Each structure stands twice: as structure tokens, then as C-alpha cells.
Amino acid sequence: MHKPNITDICLITRDLDRSIEFYTQKLGFTLKHRMPGFADFAGPGVILALWEATHIQETTGVISQREEPQGHNVMLAVKLDAPAAIDAIHDELVAQGVQVYGAPDDYPWNARCLYVSGPCGELWEFFAWYEGGEPGAVAGATTAQETL
């Protein structure tokens, strides 16, 4: 079976302008393309894209969530180099008025994490492994970086 190579992550948003502001002003992404109902950002790794819910439905017929969700329906994770970096990003985001779910904390999976809400219900996890790395590794498994 062919393994898909993820090139883009596209979040369906109910408020494109607000989302663009969040990703550029709060998280520091650089806007790469901006078209009616769509935007994406330049950066390392995969491309982060936004597609307005009404626009994707009107142009493609794909039904999307137009109402505020009861909870998060997608989480994006960002690995940082060290646990101390989690505290630093927390302070930066709080200073910018970003909604965080409490202070950074240490979790049983050997990581320090911070959880942040995006403007349209998306959840972000910023994490860093403690010494010893990630638990639960499966024998013979490789990471995406190792396969490139």
C-alpha cells in the first residue's frame, strides 16, 4: 500500500480573517497565499492552510461545520526542543491574549505540555520530551523524518 506523504494540513474555519490574524499575529506564521475563502502559510514542514467553511461548501459541495462546536475536533501538535521552551511559549502566548488551558504541566507520557485554543475550535498542543524521550515506541517503527 502506498503511504501518503502529508504536504498540507487544512483547517476548516468559520472566520477566515480572525484565523489569519491568530496564525500570523499570535503564532508567528507568515501568510503565503490569500484568495477568497482560503489562505495558507509559509513555514518549515507541512503547509498549514485555512479554508472558510461556507466557501468550501459553496465551491465543492463538501459539507462543513458552520456552527460553534461543543468541543475541539482537531488538534495540531508542535514539538519543542526542551521542556523549558514550553514555559517560554506559554508566557509569549498569554502576553498576546491567546486562550490557554492552564499553565504548562508535566504529563505521565514523559513530556511537558501546553494546550492552546485557536479561534475556531482547533486545539494546539506544544510539547517537549523529558530525558529518555517518548515512551511506548513500537519495535521497528520509523518516524516521518527517518523515512525522508
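First residue of the sequence shown? That's 308 in our numbering, and the numbers climb one at a time after it. The beta-carbon is built from N, C-alpha and C at its ideal position, and this holds for glycine as well. Everything numeric in this text was worked out from a predicted model, so none of it was measured.
Can you give the Cα-Cα distance for residue i and residue j, rounded to whole angstroms?
i: F336; j: E365; result: 27 Å
i: A356; j: V405; result: 20 Å
i: Q403; j: N312; result: 34 Å
i: I370; j: A349; result: 27 Å
i: V407; j: Y414; result: 16 Å
i: D322; j: A418; result: 32 Å
i: L334; j: L400; result: 8 Å
i: E429; j: I316; result: 12 Å
i: Y422; j: H362; result: 29 Å
i: D394; j: F345; result: 32 Å
i: G409; j: P343; result: 36 Å
i: C427; j: S326; result: 7 Å
i: W436; j: D324; result: 34 Å
i: K386; j: T367; result: 34 Å
i: P442; j: C420; result: 15 Å
i: Q332; j: A392; result: 19 Å
i: P411; j: F434; result: 9 Å
Which term fits residue i, buried or exposed, when burial requires 16 or more other beta carbons within 10 angstroms of its beta carbon?
i: A384; result: exposed
i: D347; result: buried
i: V445; result: exposed
i: K310; result: exposed
i: A360; result: buried
i: H340; result: exposed
i: T320; result: buried
i: G425; result: buried
i: W358; result: buried
Within the continuous beta strand (DSSP E) that includes residue i, where are the two ends?
i: L338; result: 337-342
i: A349; result: 345-349
i: D412; result: 412-414
i: L387; result: Segment: none, L387 is in no beta strand (DSSP E) and carries neither H nor E.
Per DSSP, which residues does residue i bridge with? Please list them.
i: V405; result: None; V405 has no bridge partner.
i: S424; result: L430
i: T320; result: E359
i: I354; result: D315
Where do the ends of the alpha helix (DSSP H) carrying residue i lie?
i: L323; result: 323-328
Does the ligand GTP have even one heavy atom less than 7 Å from the beta-carbon of residue i?
i: R325; result: With respect to the ligand GTP, the structure offers nothing, as it holds no ligand at all.
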